[in-house]
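One structure is given here, and the rest of the page talks about it.
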Amino acid sequence: MPITSIEELSKLIELSGSEKEWRESGSGSLPLLISDHIASMLHEPAIRRQFVPDALENMDDTGNLDPQEETGHEAAFRLVHRYHNRAAFLVTDRCFSYCRHCFRRRFTGSMTGPATDEEIQKAAEYINSHKEIKEVLLTGGDMFTLSDDRIAFLLKTMKESNPDVIFRLCTRAVAVYPERFTKKLFGIIREHQTGAPYYLMTQFNHPAELTEDAIGAVRGFLDLGIPAMNQTVLLKDVNDDAGILIELSNKLLYNRIKPYYLFQGDLVKGTQHLRVPIRKGLEIERRMRMELSGLGMPQYTIDLPQGGGKVILTENHLIGKKGREYIFTTPEGDTREYPDPIS
Ligand code: SF4
């Protein structure tokens, strides 16, 4: 049985004062829910910090609950069309475990429930009538909290209306509830695997999350020919260490999961204690870049507040220009010049 209260949690692990005070310190914006799979890993500090709530969440008065201003870009209920060529459909608000760093706190765990038939059909029609949309994120919440029948309906409806659109299957469930990925579920995905490809988008934040079961769940998608990409959130006292992230990237690559993004924590109210200073993030990125191949290197990226969009964070190597010559610093700190062609 999943854990849903501080009382149940305190029977499993010894809680700190601040963790015990979470419920009394305010209503918070995200419920407590921890799957059996994650509960069995709470002895790992990096796992505990991501899932055990803390009173610090309720003392944070920075940011807001919708830093990406998704509500201002809702084309229909649950359908966010913020970027010209892609959209996100919030299939449900439910997850198998709630991550304390969740950037969609305005919606996640809000008891909105799964999308109705009508909402799915309306979203599919909107996507069909906006040919500029090339990719759609099926997200939430976690789409795999839906029953097999609902997933079948979702994929069938979306695919029939939009055979040329790439759908990203966004899920943290492979990490937090890998037993969800049954043969029957993969059979449903295979049945609706027509037209443009699916991409699996995972969220692994620490090497300890890549358990055998989690890797097995991802393998089910890979075996269907669905590429897997990972998004990691940079989190204080979880993975704010180049060595940990290098190990994570290598382990992901070895298991055929491409490290895609390393996200700076969004400016979400309730998460300040989990955010990492950008200067530290840039230093981590620099060390990762020196030790990882291009294949293993995720893009360190910030989603700017007030819906400013994604910007890549990296050390600037282009430091000036002299006539035709562009002046660069090498990773080792030397200088090189590169001339423009003579026109
Ligand atoms: S699984 Fe995703 S949507 Fe759910 S709580 Fe974690 S980060 Fe938020």
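My numbering puts the first residue of the sequence shown at 2, with every later residue one more than the last. Backbone N, C-alpha and C fix where the C-beta goes; we use that ideal spot for every residue, glycine too.
Check your understanding: Can the beta-carbon of L268 be found less than 8 angstroms from the beta-carbon of P306?
Key -> yes
Check your understanding: Which one or two residues does DSSP pair with V234 in a beta bridge?
Key -> F264
Practice item. Decide yes or no for the touch test of the region 128 to 143 against the region 234 to 250: beta carbon pairs closer than 8 angstroms, at least 3 of them. Key: no
Point to revise | Alpha carbon of M202 to alpha carbon of A229, nearest angstrom | key: 6 angstroms
Review point. What's the call for N163, buried or exposed, on a 16-neighbour Cβ count within 10 Å?
Key: buried
Check your understanding: What did DSSP end up calling P299 once you bin it into helix, strand or coil?
Key -> coil
**Study point:** Length-filtered (4 minimum) alpha helix (DSSP H) runs lying within the region 279 to 344
**Key:** 279 to 292
Practice item. Report yes if the C-beta of Y262 is less than 7 angstroms from at least one heavy atom of the ligand SF4; otherwise report no. Key: no
Exercise for review: Using alpha carbons as the reference points, say which of K311, P260 and L211 lies closest to P299.
Suggested key: P260
Check your understanding: Just to check, is the beta-carbon of T109 closer than 7 angstroms to a non-hydrogen atom of the ligand SF4?
Key -> yes
Exercise for review: Please confirm whether any heavy atom of the ligand SF4 lies closer than 7 angstroms to the CB of Y99.
Suggested key: yes
Check your understanding: What do you reckon, is the C-beta of D143 under 7 angstroms from a heavy atom of the ligand SF4?
Key -> yes
Exercise for review: Under 8 angstroms by Cβ, that's how I've got H38 and V177 pegged, so tell me the actual separation to the nearest angstrom.
Suggested key: 6 angstroms
Exercise for review: Can you give me the Cβ contacts of E326 inside the same chain, cut-off strictly under 6 angstroms, excluding the 5 residues immediately before and after it?
Suggested key: E338 and P340
**Study point:** Sequence-distant residues of its chain with Cβ nearer than 8 angstroms to G29 (five each side left out)
**Key:** W23, P54, E58, N59 and G271
Practice item. Give, in chain order, every unbroken run of the alpha helix (DSSP H) that is at least 4 residues long and sits entirely within the region 30 to 62. Key: 37 to 40, 46 to 52 and 57 to 60
Review point. Is any heavy atom of the ligand SF4 found at a distance shorter than 7 angstroms from the C-beta of Q204?
Key: yes
Check your understanding: Based on Cα-Cα distance, which residue from C96, R169, I121 and M112 lies nearest to R87?
Key -> R169
Exercise for review: Could you name the residues that DSSP lists as bridge partners for K259?
Suggested key: M230
Practice item. Would you mind sorting E286 into buried or exposed? The rule is 16 or more other CB atoms within 10 Å of its CB. Key: buried
Check your understanding: Does the beta-carbon of I152 have 16 or more other beta-carbons within 10 angstroms, so that it is buried, or is it exposed?
Key -> buried
Exercise for review: Measure the C-alpha to C-alpha separation of G361 and Q273 and round it to an integer number of angstroms.
Suggested key: The chain is shown from 2 up to 344; residue 361 falls before or after that span and cannot be answered.
Exercise for review: Answer with buried or exposed for L253, where buried requires no fewer than 16 other C-beta atoms within 10 angstroms of its C-beta.
Suggested key: buried
Exercise for review: Could you check the C-alpha separation between Y301 and H74 for me, to the nearest Å?
Suggested key: 25 angstroms
Practice item. Identify, in the order they occur along the chain, each residue of the same chain with its Cβ nearer than 6 angstroms to the Cβ of H318, setting aside the five sequence neighbours on each side. Key: F329 and T330
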